[in-house]
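Numbering (the numbering used here), first residue to last: 207 to 735.
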């Protein structure tokens, strides 16, 4: 059973919607810069569980928070540090957009992330953190948290080992003078003061985390309607209550004993009297074996990874592995062609009527709106397409039809052209050297052994006789190991050197068959002189 179907069944077996009608599924992301592709795993897991529940006739809503009310805590390496340094410490919604056309910093990066969601076929209902706070919807939970600050301090100490002094309050105030929130320290909640319903807190703008400069202002503020924000673990629990969240997972690091989820669970139960949502702990999404931030690794953002694949294969990247398994993709390695191969294997399995796991996963790779009538058109392997598009003398469609053995359908032509576009993009951006080929106009300077030269001479005579197909050439190359004798690896290496000036390359038989015969024979004869 696919993981999403398993989780959907477990949800139905263990709980009912809080409102008696519709399960509320929630996820969120702080928009502190270009969003790492790892954050797409949460989107995909919550989104696919929503799809699985809907297929089973279970009403649900997938809601996603665009986090614009956290502090701008660091300047990504791809932005002008001088331009943004003065804004470090402010709420993200108060930081200017890097480009014109967006209301603020969070809106700019949020727009790119939402487009990636759309490409992958996940369309949650979006809201912004500022909407919750500025509307006053969080005020009642801020008040409870302030009244029970001692309980929250106790939970932090008991569950995570974090000790806070007795004056500590679980909110971050936006300084009235400098507009920063990362520099403030709130203390002395007085519910009886008259500055706004519910009382006030005292605060000082005197903290200097990560070279963020405080202004030194002190004062009292009514911490309602967006003038202050709960600290994250308290904020997480409060949002569950405020929205009636039924289902929300998180990365496995959050769900460890003493981790963020553990703390939030205790706060939800002990402070807000609320049973935490159904948890879905999931493994990391790595890029080249690293859980890096988008600011530190080219090719690690959600947008950059999504650009490497058509929608259905991007979905496979996100949903193909069980949530208990890591996903690791290296744009500059073998993983891109392997993912295309994986998708093609699924399609082949469906065509051959293999087990349900093939058809179920293949169907879920389709966008929801296309799923009812999905097909399994034949596709040329990605790595073969990537080779052919580099050979100006080869015609992609002709080579594909020869590989398939029949003419391509309109659907297959469309998929072939699409794959060629993605192959060209990958070759131009991330592909390693071993996938890049350039046919040499002149024979490169190279040293060949006597046995290699003998084999090339025999091959020249074979080709001189008549045109040969890729299959015939493939068989002939392997037959020569007993006649010369020569190991296929030695023969292939000699061929790659004289035609491509490298030691490895595509399937040699089909490669040679795709070149003009006279050119091949001439090059072979030149090599044995």
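Yeah, the Cβ is synthetic: ideal placement off N, Cα and C, and Gly gets one too.
Original post:
In whole angstroms, what is the alpha-carbon distance linking residue 285 and residue 614?
Top reply: Whole-angstrom Cα-Cα distance: 47 Å.
Subject >> Length of the line joining the Cα atoms of residue 670 and residue 658 >> reply: The alpha-carbon separation between residue 670 and residue 658 amounts to approximately 18 Å.
Original post:
Touch check for the stretch 449-464 and the stretch 216-231: three-plus C-beta pairs under 8 Å?
Top reply: yes
**OP:** Check whether the stretch 317-326 touches the stretch 507-515, taking contact to mean three or more Cβ pairs, one atom from each stretch, closer than 8 Å.
**Re:** yes
Original post:
Would the beta-carbon of residue 547 fall within 8 Å of that of residue 583?
Top reply: Going by C-beta atoms, residue 547 is not nearer than 8 Å to residue 583.
Original post:
Can you give the Cα-Cα distance for residue 727 and residue 697, rounded to whole angstroms?
Top reply: 15 Å
**OP:** Please report the residue range of the beta strand (DSSP E) in which residue 408 lies.
**Re:** 406-411
Original post:
For residue 297 versus residue 380, is the C-beta spacing smaller than 8 Å?
Top reply: yes
**OP:** Kindly indicate which three-state DSSP category residue 546 falls into: helix, strand or coil?
**Re:** helix
**OP:** Report the rounded CA-to-CA distance for residue 252 versus residue 209, giving the unit in angstroms.
**Re:** Taking the Cα positions, residue 252 is about 12 Å away from residue 209.
**OP:** Assign residue 586 to buried or exposed, taking buried as 16 or more other Cβ atoms, counted over all protein chains shown, within 10 Å of its Cβ.
**Re:** buried
Subject >> Sufficient close CB pairs (3 or more, under 8 Å) joining the stretch 515-530 to the stretch 250-264 >> reply: yes
Subject >> Length of the line joining the Cα atoms of residue 244 and residue 420 >> reply: About 33 Å.
Subject >> Sub-8 Å separation of residue 690 and residue 661 beta-carbons >> reply: yes
**OP:** Note down, one range per segment and in chain order, each alpha helix (DSSP H) of at least 4 residues found wholly within the stretch 551-616.
**Re:** 562-571, 588-594, 602-610
**OP:** Determine the closest residue to residue 257 out of 482, 214, 446, 640, with distance taken between C-alpha atoms.
**Re:** For the residues 482, 214, 446, 640, the minimum Cα distance to residue 257 belongs to 214.
Original post:
DSSP on residue 221, reduced to helix/strand/coil?
Top reply: In the structure shown, residue 221 sits in coil (DSSP, three-state: anything other than H, G, I, E or B).
Original post:
For residue 401, which residues of its own chain have a beta-carbon under 6 Å away from its beta-carbon, when the five flanking residues on both sides are left out?
Top reply: Any reading at residue 401 needs caution, since the residue's pLDDT is 48, under 50, leaving its predicted position unreliable; the model's value is listed next. If we look at residue 401 and ignore the five residues flanking it on each side, its Cβ neighbours are 428.
Subject >> Three or more C-beta pairs below 8 Å linking the stretch 267-286 and the stretch 296-314 >> reply: yes
Subject >> Option in 306, 268, 490 with minimal Cα separation from residue 329 >> reply: 268
**OP:** Please work out which residues of its chain come closer than 7 Å, Cβ to Cβ, to residue 623, disregarding the five sequence neighbours upstream and downstream, and give them in chain order.
**Re:** Around residue 623: no qualifying Cβ.
Original post:
Mind checking whether residue 534 and residue 495 have CB atoms under 8 Å apart?
Top reply: Pairing residue 534 with residue 495 gives a Cβ-Cβ distance under 8 Å.
Original post:
Should residue 673 be labelled buried (16 or more other beta-carbon atoms within 10 Å of its own) or exposed?
Top reply: With fewer than 16 other Cβ atoms within 10 Å, it is exposed.
Subject >> Cβ-based neighbour list, residue 414, same chain, cut-off 8 Å, excluding 5 preceding and 5 following >> reply: 389, 420
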